[in-house]
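Residue numbers (the UniProt record's numbering): 1 to 574. Data first, discussion second: the structure below is written as structure tokens.
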């Protein structure tokens, strides 16, 4: 009987705590939500409109100077640029408004419920009151800054790589016959995909609503998934309340994605050199979206809509996902096979204990920044990296040495990270005392883009069994690949392989590493975090130079005093 009383008391306490947190989160959302939303909306829209003229100029300049596109293809792209820029303005501003409202009003609510993860009651009460207030406003500023970094630095770097890439990497041509076909199929894709995607998403939204509630309520009754841990019950309860908003967000994302899916039909016409295959893509994507949503919602398998084949090659012959990391390969190769609707999974929920064992992306970022800091200090101690390099990168000066800080330090750290994992006998990647494998890796799309190619690169290095001199040669190539003079001046004990095949293999490894690090450096949040690392290295170098100067001055003063004493002694003797 006492057990039942305790269970009832625990249940009542959880319900009371949930209601109090819901009320407190609503107050914080009303007070701080408008401020955070206004900062995010005004900031992002300001970045979009402020950089729009620069984006137009940069894009036209890159397309005009690149050698990878023939003149006819350039003309076709120039004709379509107004439409693409109009879509960019419309979707980006609309997304900024939606993200700003969602982030500003729901982050304080969620932060209030996340305070229940603390075991100490005093800590729980403090974080229920404090979390989601100033942190929400600060987070909105961080989002605006990361968005500006992507628009200002990442996009410009992509265009620079397109502009400077030689035609040998893959010259793209366009026949005059296919220009009308690309335009017609692109318009057909917009006319067909947008209304059908919208209709399918709206028709199936009630199924998603009730299926999601059914899944969550089942977990609540059986104490599975998020309801397994008492501390997570309030957050799961908040999910039940806001599940309709999740459904609405999924419908909106389906409508947004239909724009890009429809326009991609023109790319299919260009790639396959066939008007018929472009039309087949338009029809097949509707069926793929219908089938995809059926699978997620546990409806009947397949789709009643036709799904014609729009590729000459089979899907199994398509390039692997790792090709995304090559700057010359666009993300559109994956988008062609990707479903159009983004929705949360309704499969059986994992318990909190299972999720805890997963390595979070923040841990990967933290280890990566820590390793860059350590290896940067090593390069400074070896006089390979200079204070001028760091200051020029921080100021954004145009210099050939910027790649040393921008990519070279990352690659140098990445090499030792892979070698450490190989020497430790790890089956995955070793982050200090944490081993990241296919089982516990971060379960998000960004991790999927990078984890498999990194594992492939690790196995290639392991198979090659690089000697110490070859490792030093690889370090020199990835750090100073853009500056042959400094690469030749760095005496690190390397021994370039005499075999031309072996040398080509090592240079191939360096190119893949540089491509991966360039792709990682374009991701949101990276530049903000890496900028702090560079500032720390500047402080380290300044303190190092200051200690050297102080040591030199003390040594000079000491030698002067010894000379004076010896002179006085000699006078006394005389």
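Note that CB positions come from ideal geometry on N, CA and C, so glycine has one too. Predicted model, so just to flag it, every value in this text is computed and none were measured.
Strand pairing of residue i, partner residues [DSSP]
| i | result |
| --- | --- |
| residue 520 | Note: residue 520 sits in no beta bridge, so no partner. |
Contact belief for residue i with residue j at Cβ below 8 Å, rounded distance in angstroms
| i | j | result |
| --- | --- | --- |
| residue 264 | residue 284 | Rounded, the Cβ-Cβ distance is 12 Å, inconsistent with contact. |
| residue 52 | residue 89 | 7 Å |
| residue 517 | residue 407 | 5 Å |
| residue 506 | residue 474 | 5 Å |
| residue 140 | residue 104 | 7 Å |
| residue 510 | residue 481 | 6 Å |
| residue 255 | residue 201 | 7 Å |
| residue 95 | residue 41 | At roughly 10 Å, the Cβ-Cβ gap does not stay under 8 Å, so residue 95 and residue 41 are not in contact. |
| residue 492 | residue 472 | 5 Å |
| residue 522 | residue 414 | Rounded, the Cβ-Cβ distance is 16 Å, inconsistent with contact. |
| residue 39 | residue 144 | 7 Å |
| residue 402 | residue 392 | 6 Å |
| residue 363 | residue 431 | 7 Å |
| residue 205 | residue 390 | Between residue 390 and residue 205 the Cβ distance is about 52 Å, and since that is not below 8 Å, they are no contact. |
Element boundaries [alpha helix (DSSP H), containing residue i]
| i | result |
| --- | --- |
| residue 137 | 134-149 |
| residue 81 | 71-114 |
| residue 491 | Counting along the chain, residue 491 falls outside any alpha helix (DSSP H), and DSSP gives it neither H nor E. |
| residue 431 | Per DSSP, residue 431 belongs to no alpha helix (DSSP H); it is in the beta strand (DSSP E), 429-431. |
| residue 472 | 468-480 |
| residue 382 | Unbroken run through residue 382: none, as it is neither H nor E. |
| residue 294 | 275-296 |
| residue 416 | 409-423 |
| residue 525 | Where residue 525 is concerned, there is no enclosing alpha helix (DSSP H), given that its DSSP letter is neither H nor E. |
| residue 156 | 155-164 |
| residue 390 | 387-395 |
Outcome for residue i when other beta-carbon atoms lying within 10 angstroms are tallied against a minimum of 16
| i | result |
| --- | --- |
| residue 380 | buried |
| residue 20 | exposed |
| residue 436 | buried |
| residue 197 | buried |
| residue 302 | exposed |
| residue 433 | exposed |
| residue 23 | exposed |
| residue 173 | exposed |
| residue 470 | buried |
| residue 271 | buried |
| residue 86 | exposed |
| residue 239 | buried |
| residue 427 | exposed |
| residue 661 | Any answer about residue 661 is impossible in this case: the structure gives the chain only from 1 up to 574. |
| residue 29 | buried |
| residue 251 | buried |
| residue 467 | exposed |
| residue 175 | exposed |
| residue 277 | buried |
| residue 46 | exposed |
| residue 527 | buried |
| residue 65 | exposed |
| residue 16 | exposed |
| residue 476 | buried |
Residue range of the beta strand (DSSP E) that includes residue i
| i | result |
| --- | --- |
| residue 595 | What the structure shows of the chain is the stretch from 1 to 574, and residue 595 is not part of that stretch, so it cannot be assessed. |
Closer than 6 Å: residue i CB and nearest the ligand MG heavy atom
| i | result |
| --- | --- |
| residue 90 | The model on display carries no ligand, and the ligand MG is accordingly not part of it. |
Spell out a yes or no on whether the segment 91-106 and the segment 246-260 are touching, meaning 3 or more CB-CB pairs, one atom from each, closer than 8 Å. yes
Within the chosen definition, does the segment 533-542 reach the segment 372-383 through at least 3 CB pairs nearer than 8 Å?
yes
Three or more C-beta pairs below 8 Å linking the segment 286-295 and the segment 212-219
no
Contact between the segment 131-138 and the segment 30-38 (3+ Cβ pairs under 8 Å):
yes
When you compare the segment 418-426 with the segment 488-496, are there three or more beta-carbon pairs, one atom per stretch, that lie closer than 8 Å? no
### Message
Is it the case that the segment 269-282 contacts the segment 187-204, given that we only count it when at least three CB pairs across the two stretches are under 8 Å?
### Response
yes
Is there contact between the segment 238-247 and the segment 145-163, where contact requires at least three CB pairs shorter than 8 Å?
no
**Report entry** the segment 101-118 touching the segment 42-62, judged by at least three CB pairs closer than 8 Å
**Finding:** no
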